[in-house]
Structures are given as C-alpha cells and as structure tokens.
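Undergrad:
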Amino acid sequence: MSLRNYRTGDDGIDAAIEELAQATGRRDDLDMISELLVSAVRLAREGVGRGDLKLVNSALKELRHAFSVFEPYRTVRKATVFGSARIAEGDPAYAAARDFGAAMAAHDWMVMTGAGPGIMAAGLEGAGRDRSFGINIQLPFEAEANEFILDDPKLVNFKYFFTRKVTFMRESHGYALLPGGFGTMDEAFELLTLMQTGKTHLAPVVLLDPPGDTYWSHWTEFVQAELVARNLVSPHDLSLIHATDDPRAAAEHVRDFYRTYHSMRYVGRHLVLRLEREVDDAEVATLDEEFGDLLVDGHIERCETTSHELRDDDEVARPRLRLHFDRRSHARLRQLIDALNDATPD
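Under my numbering, the final residue of the sequence shown carries the number 497; numbering is consecutive throughout.
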C-alpha cells in the first residue's frame, strides 16, 4: 500500500514511513498509521515550537492509554455521573449519585466519574470498585483520586480537559448530571452541544436532583425562558434531556434508551440504526410517516447488514433500519429512537 495524498514531501522519509507502517502488522489500517507518522514528521519539519510539540505528544499519549484501559470493556455499557466535587457525604445530592450508581451496577452497567471527591466519589461508591472507572484530571489544588478508585487499573489520569472529555463522550452510553459548579455546567452544555450537532453519539442525559431540590428545575426554566423563547435552540432540543428527582427512575430512563435501539452507524449516505429486536411493517410505516421530516429523500426502511459492517464484524446479527438522514435534526432523531423504544413490548 502506498501513502496517498498526505505526505511529508520528502521521498526518502515517506518511504521510511511506509516501511515503518508496514512493520506494525496492521494491514487494514496502514493509511491511518502512515498519516499519524506523517503528522509527527511534518510537525517537526514545519518548525513547531517545543510547547506545541509537548501538547500534541501529551494528548496522543493520554488518548492511547485511555483506549488501552477501556478496550477490555468495549462491549460493556457505561454511565457517566457528573457533579460537584464540593458536595459532602451527608448531602442529599451525594446520596442520589450513590443510589444512581448502585442502580446501574445492579443491571450490569459500569459507572464512570471524574474520580474526585463529592458527587464523583458517590457515583463510584454506589457502583462498587469492580464496576467503576475514574477519569481523573490532574489539578494542583485537588488531592489524589477518591478511595473508591485509587490505585485501580481502571483509573485514567489526564493533564488536559479536552482529552478527558473526549474519553467521557467516547466511552459513555448514558449520563446523569447532578448539581455542580462551572465544571458541571461546562460538561452539561458541551454534552448537549455535541449531541445537538451530531459530534457525539446520541445517549440518554438525565438531570438528577435530590428530592425537593430545585437546581435542575431552575436550570430548565432558564433554558426555556432565555434559549427556547428567543429561538436560540429548538424546542425539540429539550428532547435530549430528562429531569427527575428519583435515582432509580433516572437509572431506568438510561437503560430504557436501549430497549429497542442498540447503536447507529453511517454507511455511505445512509444512517443505519441497529436494533435489539425486529420491527414489523406497521411500526416502520408509522415511523416513516411521523419522522419523514428527518429525511433527505426516500423512506425509513428495514435493511440487511451492510458490507462495511460485515467487514468490521460490527453488530452483524442485529435487525436494522436505515434512513437518508439530513445530519442536522439530531433532537428529532432522538425522538425517533424514543418512539422505537416506547413501542417495545414489556
């Protein structure tokens, strides 16, 4: 295999890169391996400063390590818990996070948090060490990881917030957000932005208040009054969130997202939805009628496993639907998934 258009511009270096890529043994991924090596050489040859090289190097090493840690658990569903490090153990929000973690672990999910104190400790306490991941950010003013994940091989440390966020979004199948400060607000709004724009996969997002608390209800009022009312976001975008003050109901909402829906993948111009069960003709017709506004053309229809999925051994045995999705109406796509799940027999 030859390098394609992305080269260093030096024939000798390009030949050495191709030889080194071949030596990795990753025959199906030689293009990606080669481009990684080309990028490293071009950074050096273009005179990028040491500080920039350090940033790229650290980020790549952090992501490589995170991928390695998560690889054995790739098929296990994981829920992320976000919330304040400042909430004490006796706070009702701590209990809510702990109960949510326990409820997810009881159904064989794993739980991810930022590995710090407060809500982050509570979620892992509930899940138990065996079903916990810690995605820690190294800060000068915070102590080491909490006792529920300290010294565990499933604790991953990050220097950069952006690589940490990539890891959260890449590995999570659902989210519970509890009260928190600027960091929690940042996580909430970035998560919703990425889902709204299709830059991360759709997943259930629960705003979890302790019983009687008003944190998320006031937040939702702000979003309604200042964002939706001014047409800064679509009313449909509120379909991306679900609010409750019951940790067990929050856990059930996250799990129910996967009653019929399993996962999605773009193949060519189509979005392919992989499912947990077959859907009948009447269900497909109802979806096609109700969600036709999502389509560039054509219909929502059943389909066979695609050649790309067969090549990658990617959920090949599952029933499928496909649609020529407009790649814009992601909140409406969430509503389609909800409709699929709501039709699932008990």
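Ideal placement from N, C-alpha and C gives every residue a C-beta, glycine not left out. Everything numeric in this text was worked out from a predicted model, so none of it was measured.
#1: Once you ignore the five residues that flank residue 264 on each side, which residues in its own chain have a CB closer than 6 Å to its CB?
#2: Using alpha carbons as the reference points, say which of 386, 371, 379 and 388 lies closest to residue 395.
#3: Do we get a CB-CB distance below 8 Å when we pair residue 344 with the residues of chain D?
#4: What residue from 282, 242, 183 and 308 has the CA that sits closest to residue 213's CA?
#5: Below 8 Å on the Cβ atoms is my contact criterion, and I expect residue 483 with residue 426 to pass it. Report the Cβ-Cβ distance as a whole number of Å.
#6: Just to check my reading of the structure: residue 296 and residue 285 have Cβ atoms closer than 8 Å, yes? What is that Cβ distance to the nearest angstrom?
#7: Please list the terminal residues of the continuous beta strand (DSSP E) segment that includes residue 231.
#8: Alpha helix (DSSP H) containing residue 253: first to last residue?
#9: If the criterion is Cβ atoms closer than 8 Å, does the pair residue 298 and residue 221 meet it?
#10: Where does residue 102 sit, in a helix, a strand or coil, going by DSSP?
#11: Pull the bridge partners of residue 371 from the DSSP assignment, please.
#12: If you count every other CB in all the chains shown that lies within 10 Å of the CB of residue 180, and 16 or more means buried, which is it?
#13: Go through its chain and collect everything with a Cβ distance to residue 457's Cβ below 6 Å, but skip five positions before and after it.
#14: With 16 as the cutoff for other CB atoms within 10 Å, does residue 277 come out buried or exposed?
#15: Leaving out five residues on either side along the sequence, give the residues of the same chain with a beta carbon under 6 Å from the beta carbon of residue 345.
#16: For residue 239 and residue 364, I'd like the C-alpha separation in whole angstroms.
#17: Between the alpha carbons of residue 413 and residue 318, how many angstroms are there, rounded?
#18: When the Cβ atoms of the region 250-258 are set against those of the region 366-385, are three or more pairs found closer than 8 Å?
#19: Do you know offhand how far residue 454's Cα is from residue 440's?
#20: Are residue 437 and residue 491 closer than 8 Å when you measure CB to CB?
#21: Is it the case that the Cβ atoms of residue 149 and residue 328 are separated by a distance below 8 Å?
#22: Going by DSSP, what residue range makes up the beta strand (DSSP E) through residue 358?
#23: For residue 469, collect the residues of the same chain with a Cβ closer than 7 Å to its Cβ; drop the 5 residues on either side in sequence, then sort them by chain order.
#24: When the Cα of residue 406 is compared with those of 443, 357, 382 and 448, which residue comes out closest?
#25: Got a sec? Which residues, its chain only, sit under 7 Å from residue 172 by beta carbon, not counting five neighbours each side?
#26: What residue does the beta strand (DSSP E) around residue 474 start on, and which one ends it?
#27: Which one or two residues does DSSP pair with residue 421 in a beta bridge?
#28: Report, in whole angstroms, the separation of the C-beta atoms of residue 474 and residue 422, which I expect to be a contact under 8 Å.
#29: Nearest to residue 415 by CA position, among 487, 219 and 160, is which residue?
#30: Where do the ends of the beta strand (DSSP E) carrying residue 283 lie?
#31: Name the DSSP bridge partner or partners of residue 327?
TA: According to the structure shown:
#1: Counted from its first residue, the sequence shown places residue 264 at position 113. If we look at residue 264 and ignore the five residues flanking it on each side, its Cβ neighbours are 232, 271, 274 and 275.
#2: Reading the sequence shown from its first residue, position 244 is the one you call residue 395. The option with the nearest alpha carbon to residue 395 is 371.
#3: The structure shown contains no chain D; it holds only a single protein chain.
#4: The sequence position of residue 213 within the sequence shown is 62, counting from 1. Selected option, being the one with the closest Cα: 308.
#5: Working through the sequence shown from its first residue, we reach residue 483 at position 332. Working through the sequence shown from its first residue, we reach residue 426 at position 275. Going by Cβ atoms, the distance from residue 483 to residue 426 rounds to 18 Å, so no, they are not a contact pair.
#6: The residue given as residue 296 occupies position 145 in the sequence shown. The residue given as residue 285 occupies position 134 in the sequence shown. Sure, about 5 Å apart at Cβ, within 8 Å.
#7: Counted from its first residue, the sequence shown places residue 231 at position 80. That run of the beta strand (DSSP E) goes 229-233.
#8: In the sequence shown, residue 253 corresponds to position 102, counting from 1. That run of the alpha helix (DSSP H) goes 243-256.
#9: Along the sequence shown, read from residue 1 onward, the residue named residue 298 stands at position 147. Along the sequence shown, read from residue 1 onward, the residue named residue 221 stands at position 70. Their beta carbons are not under 8 Å apart, which means residue 298 does not touch residue 221 by this criterion.
#10: Residue coverage of the chain in this structure runs from 152 to 497, which leaves residue 102 outside it and unanswerable.
#11: Start at 1 with the first residue of the sequence shown, and residue 371 comes out as number 220. Paired residue(s): none; residue 371 is not in a bridge.
#12: Along the sequence shown, one-based indexing puts residue 180 at 29. Burial call: exposed.
#13: Taking the sequence shown and counting its residues from 1, the one referred to as residue 457 is at position 306. Answer for residue 457: 418, listed in chain order.
#14: In the sequence shown, the residue the question calls residue 277 occupies position 126. Result: buried.
#15: Indexing the sequence shown from 1 puts residue 345 at position 194. So the qualifying residues of the chain are 351.
#16: If you number the sequence shown from 1, residue 239 lands on position 88. If you number the sequence shown from 1, residue 364 lands on position 213. Residue 239 and residue 364: Cα-Cα distance of roughly 16 Å.
#17: If you number the sequence shown from 1, residue 413 lands on position 262. If you number the sequence shown from 1, residue 318 lands on position 167. Approximately 20 Å, taken between the alpha carbons.
#18: no
#19: In the sequence shown, residue 454 corresponds to position 303, counting from 1. In the sequence shown, residue 440 corresponds to position 289, counting from 1. Roughly 18 Å between the two C-alpha positions.
#20: Taking the sequence shown and counting its residues from 1, one reaches residue 437 at position 286. Taking the sequence shown and counting its residues from 1, one reaches residue 491 at position 340. No, Cβ-Cβ distance for residue 437 and residue 491 is not below 8 Å.
#21: The structure shown does not extend to residue 149, since the chain is modelled only from 152 to 497, so the question has no answer here.
#22: As a working mapping, residue 358 is identified with position 207 in the sequence shown. Start and end: 356-359.
#23: Along the sequence shown, read from residue 1 onward, the residue named residue 469 stands at position 318. Closer than 7 Å at the Cβ level, and outside the excluded window around residue 469, lie 413, 425 and 426.
#24: The count along the sequence shown starts at 1 and reaches residue 406 at position 255. That would be 357, whose Cα lies nearest to the Cα of residue 406.
#25: Residue mapping note: residue 172 aligns to position 21 of the sequence shown, counting from 1. Same-chain partners within the cutoff: 181, 184, 185 and 188.
#26: Within the sequence shown, numbered from 1, the residue matching residue 474 stands at position 323. Where residue 474 is concerned, the enclosing beta strand (DSSP E) stretches over 471-474.
#27: Taking the first residue of the sequence shown as 1, we reach residue 421 at position 270. Answer by DSSP bridge pairing, in chain order: 418.
#28: The residue you call residue 474 lines up with position 323 of the sequence shown. The residue you call residue 422 lines up with position 271 of the sequence shown. Confirmed, Cβ separation roughly 6 Å.
#29: Translated into positions along the sequence shown, residue 415 becomes position 264. Nearest of 487, 219 and 160 to residue 415, Cα basis: 487.
#30: As a first step, residue 283 must be located in the sequence shown, where it is residue number 132. Counting along the chain, residue 283 sits inside the beta strand (DSSP E) bounded by residues 283-288.
#31: For the purposes of this step, residue 327 is taken as the residue at position 176 of the sequence shown. For residue 327, which the question treats as bridged, DSSP gives the partners 232 and 357.
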